[in-house]
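Undergrad:
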Amino acid sequence: MKRRGLARLAIPGAFVALILLLAVAAPLLPMPDPIRQDIARRLAGPMPGSWLGRDEFGRDVLSRLIWGARTSLSVAFASALFAGLVGVTLGLIGGWSRSWSASFTVRGVEIIMCFPPVLLALLVVTLLGPGAATLILVLSVLYVPGFARVTYAEVLAVKGREYVEAARALGARPSRILFRTVLPNIAGPLLVQFSLAVAAAVVLESGLSFLGLGVVPPAPSWGLMIRGARATMEQAPLLLLWPCAALTLTILAMNLLCDALRDWLDPRTTDH
Amino acid sequence: MSAAWLTRRVLLTILTAWLVATIVFMALHMVPGDPAELLLSTSGAMPDPAAVAELRERLGLDQSIMTQYGRFLAGLVRGDLGNSLVDDYPVLQEIALRLPRTLELIIAGTLIAVIFGIPAGVYAAIHRGGIFDRAASWVTALLLAVPVFVVGTLLVLLFAQTLRLMPAGGFTPFAQDPAQHLKLLALPAVAIAKGLAAVLFRMTRAATLDALAHDYVRTARAKGLSPGRVLAVHVLRNAMNPVVTVLGLQMGTLLGGTVLVEYVFNWPGLSTPLLRAVEGRDYPMVVGIVLTISVLFLLINLVVELVHAAIDPRVQS
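Residue numbers (our numbering), protein chains in the order written: chain A, 1129 to 1400; chain B, 4 to 320.
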């Protein structure tokens, strides 16, 4: 069982790792500038030095795909990280103190879940204008309740255990117990939550960029590439397919990784 | 279902709607700086002070925050969502015109998802491990991974651009040409349905397997009931509870997806004025539409809960 779990982790894990590596190494790779236009080679097919051809402004498609991964993933990781920091802190305090106000805060942030995510994002974009910073802010806000809720539930489950009692009996301060004893023991579910948030953020970022309300052109983003390629669909359908495939495969790999992580870290959930 | 439980649910929904409205109201005041200046500024350029002063007055920002909040809530109760900053058109009238088209798309999408997702889930569970089950589990994983606007765009590329079977998008009123209306509805409805169908398939399959493993199913079989009757009366009735819950939870994603799908197919629902308003920083219009769709989400969940309670009396405790 464990062995099969590891194999299920390895394949999507390797794919996600590859995309991450490409995204991180993008500036080091020998590729054309992703925003340099070359109108003469507009919609040109594959050629040496430009394996996937050129887009509607004559920009290199492969380079834009890889730089697009960098944009998507940095927005997604940054927002999942911010959301995690805030959400986990709220959940830890709420679950540990169980004071009226702390529990109220944890319940309170759940009101964010009453909004369809795209709509809350559009409201904030109206106020702050589009851009990567706005995206990170909105996505962080959207995923705080998830982290807070999971942490809260896990802290409640863990805090009666003997090892927590023991730490308390040794006279450890609450902050030490929370960060040194409780947090490592609930790291599994939090990691799953983190991977879910990253995957969801990639989807939402691409959607908002597709609407022209996310990443600001000419920065490369998969959503923006699909938006741009829609206009030239008739002449260059491949231009549309590349970013669609990159986006879908990345999300597929991330989803499979999330599922495998959850099954691996949490034996309680059974796989039918 | 008991009257007390029903009242509590309805009151809770109203309370949540009030909280949602309050958050939307506060959004304008939580951003740092002068909101009027912020809404008028484009790419860092300082807006004209006279225009800022005028906008402050139109949005009521020159009054105290409590007065503004009171007027906002009073307006909501009266059904007055204010006027567009761009053309002074009443927001409510724009919504009244567009909401039915968005609702039509949502209902069509949900129906397609239910018609395909639930029977497929039951079939896969009964024939667990078979070819259909394994193939369907890969198809659902793929459907869950493809973003809704990608599905929409690819449907246009395949059915409109390449095969030339369907129109690429647009809208014809039903009264004018019913056949064309349905033809234009088909692709966007399928695009919206894809995620929900996948989730419903997974949930139905898991819930059916779960129900099949219960003792009461064995008892029902042992007493000689026909397989069809065991499935309909004992398995499905119990399996549908989690499926209904998931249906409600997924509505948030579905409503958000509608915005994207309407854009892809030029379907003139709420998405068109919403996106135009976000781009033009037309704050009252954005607030009106965001509130409408969020309250719609709450109402759908209320209905789902009522249906849930009707199927399963345990919910009320």
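Note that CB positions come from ideal geometry on N, CA and C, so glycine has one too.
For a contact defined as C-beta to C-beta under 9 Å, what are the partners of residue 1383(A) on chain B?
TA: Chain B residues near residue 1383(A): 144, 147, 148.
Undergrad: Helix, strand or coil: which one does DSSP assign to residue 269(B)?
TA: Of the three classes helix, strand and coil, the one that applies to residue 269(B) here is coil, per DSSP.
Undergrad: Taking beta-carbon pairs under 7 Å, can you tell me which members of the segment 1351-1377 of chain A lie near chain B?
TA: Within the segment 1351-1377 of chain A, the residues whose Cβ lies closer than 7 Å to some Cβ of chain B are 1354, 1358, 1361, 1362, 1365, 1368, 1372, 1375, 1376, listed in chain order.
Undergrad: In whole angstroms, what separates the C-alpha of residue 1204(A) from that of residue 1267(A)?
TA: Rounded to the nearest angstrom, the two C-alpha atoms are 8 Å apart.
Undergrad: Roughly how many angstroms separate the alpha carbons of residue 1400(A) and residue 1137(A), rounded to a whole number?
TA: With a pLDDT of 44 at residue 1400(A), under the threshold of 50, the modelled position of this residue cannot be trusted, and the question is left open.
Undergrad: So, using beta-carbon positions, are residue 1335(A) and residue 112(B) closer together than 9 Å?
TA: Not closer than 9 Å, so no.
Undergrad: What is the DSSP secondary structure of residue 1188(A), reduced to helix, strand or coil?
TA: Residue 1188(A) falls in the strand class under three-state DSSP.
Undergrad: Of all the CB atoms in chain A, is at least one closer than 9 Å to the CB of residue 297(B)?
TA: Yes, residue 297(B) counts as interfacial toward chain A.
Undergrad: Could you check which residue in 5(B), 308(B), 21(B), 145(B) has the C-alpha nearest to that of residue 297(B)?
TA: Nearest of 5(B), 308(B), 21(B), 145(B) to residue 297(B), Cα basis: 21(B).
Undergrad: Check each residue of the segment 163-176 of chain B: if its Cβ is closer than 8 Å to any Cβ of chain A, include it; give the result in chain order.
TA: The segment 163-176 of chain B vs chain A, Cβ under 8 Å: 164, 165.
Undergrad: Bridge partners for residue 1182(A) per DSSP, in chain order?
TA: 1188(A), per the DSSP bridge assignment.
Undergrad: Does any residue of chain A bring its CB to less than 9 Å from the CB of residue 68(B)?
TA: For residue 68(B), the answer is no, since every Cβ of chain A falls outside 9 Å of its Cβ.
Undergrad: Using a cut-off of 8 Å between C-beta atoms, extract the partners of residue 30(B) located in chain A.
TA: Going along chain A in sequence order, the residues near residue 30(B) (Cβ under 8 Å) are 1251, 1252, 1255.
Undergrad: Pull up the CB-CB distance for residue 188(B) and residue 1365(A), whole angstroms please, since I reckon it's below 8 Å.
TA: That pair is no contact at about 25 Å.
Undergrad: In the structure shown, what three-state DSSP assignment does residue 93(B) receive?
TA: Of the three classes helix, strand and coil, the one that applies to residue 93(B) here is strand, per DSSP.
Undergrad: Would you be able to state if there are at least three C-beta pairs under 8 Å between the segment 214-224 of chain B and the segment 233-248 of chain B?
TA: Touching, per the Cβ criterion.
Undergrad: Near residue 1144(A), what residues of its chain come up, given a Cβ to Cβ distance below 7 Å and the 5 sequence neighbours on each side ignored?
TA: Once the five neighbours on either side are set aside, the close Cβ partners of residue 1144(A) are 1381, 1382, 1385.
Undergrad: Candidates 1179(A), 1170(A), 1193(A): which alpha carbon is nearest residue 1186(A)'s?
TA: It is 1170(A).
Undergrad: Looking at C-alpha atoms only, which residue of 164(B), 249(B), 92(B), 38(B) is the closest neighbour of residue 209(B)?
TA: Among 164(B), 249(B), 92(B), 38(B), the Cα nearest to that of residue 209(B) is on 249(B).
Undergrad: Looking at chain A, is there any beta carbon in it that lies within less than 9 Å of the beta carbon of residue 266(B)?
TA: Judged by the 9 Å Cβ criterion, residue 266(B) is in contact with chain A.
Undergrad: Could you check whether the Cβ of residue 1335(A) sits closer than 9 Å to any Cβ belonging to chain B?
TA: Cβ-Cβ to chain B under 9 Å: yes for residue 1335(A).
Undergrad: Around the Cβ of residue 1(B), are there at least 16 other Cβ atoms within 10 angstroms (buried) or fewer (exposed)?
TA: The first residue shown for chain B is 4 and the last is 320, placing residue 1(B) beyond what the model contains.
Undergrad: Could you give the C-beta distance for residue 1421(A) and residue 1210(A), rounded to a whole number, given that I count them as a contact under 8 Å?
TA: Residue coverage of chain A in this structure runs from 1129 to 1400, which leaves residue 1421(A) outside it and unanswerable.
Undergrad: Using CA atoms only, rank isn't needed, just tell me which of 100(B), 221(B), 199(B), 225(B) is closest to residue 121(B).
TA: Among 100(B), 221(B), 199(B), 225(B), the Cα nearest to that of residue 121(B) belongs to 199(B).
Undergrad: Could you give the DSSP three-state label for residue 69(B): helix, strand or coil?
TA: Helix, per DSSP.
Undergrad: Let me confirm a value: residue 65(B) is counted as buried when at least 16 other C-beta atoms fall within 10 Å, else exposed. Which label applies?
TA: Exposed: under 16 other Cβ atoms inside 10 Å.
Undergrad: So, does the CB of residue 1243(A) fall closer than 9 Å to a CB anywhere in chain B?
TA: Judged by the 9 Å Cβ criterion, residue 1243(A) is in contact with chain B.
Undergrad: Closest to residue 1337(A) by C-alpha separation, out of 1235(A), 1163(A), 1258(A), would be which residue?
TA: Closest by alpha carbon: 1258(A).
Undergrad: Work out the CA separation of residue 1317(A) and residue 1363(A) for me, nearest whole Å.
TA: Taking the straight line joining both Cα atoms gives about 47 Å.
Undergrad: For residue 1260(A) versus residue 1332(A), is the C-beta distance shorter than 9 Å?
TA: Their beta carbons are not under 9 Å apart, which means residue 1260(A) does not touch residue 1332(A) by this criterion.
Undergrad: Quick check on DSSP: helix, strand or coil for residue 29(B)?
TA: Note: residue 29(B) maps to helix in three-state DSSP.
Undergrad: Around the C-beta of residue 253(B), are 16 or more other C-beta atoms found within 10 angstroms, so that it is buried, or is it exposed?
TA: Classification for residue 253(B): buried.
Undergrad: With DSSP as the reference, label residue 1175(A) as helix, strand or coil.
TA: Strand.
Undergrad: Would you please verify whether the beta carbon of residue 126(B) is less than 9 Å from any beta carbon of chain A?
TA: Closer than 9 Å: no.
Undergrad: Comparing alpha-carbon positions, which option in 236(B), 40(B), 123(B), 206(B) lies nearest residue 220(B)?
TA: The shortest Cα separation from residue 220(B) among 236(B), 40(B), 123(B), 206(B) belongs to 236(B).
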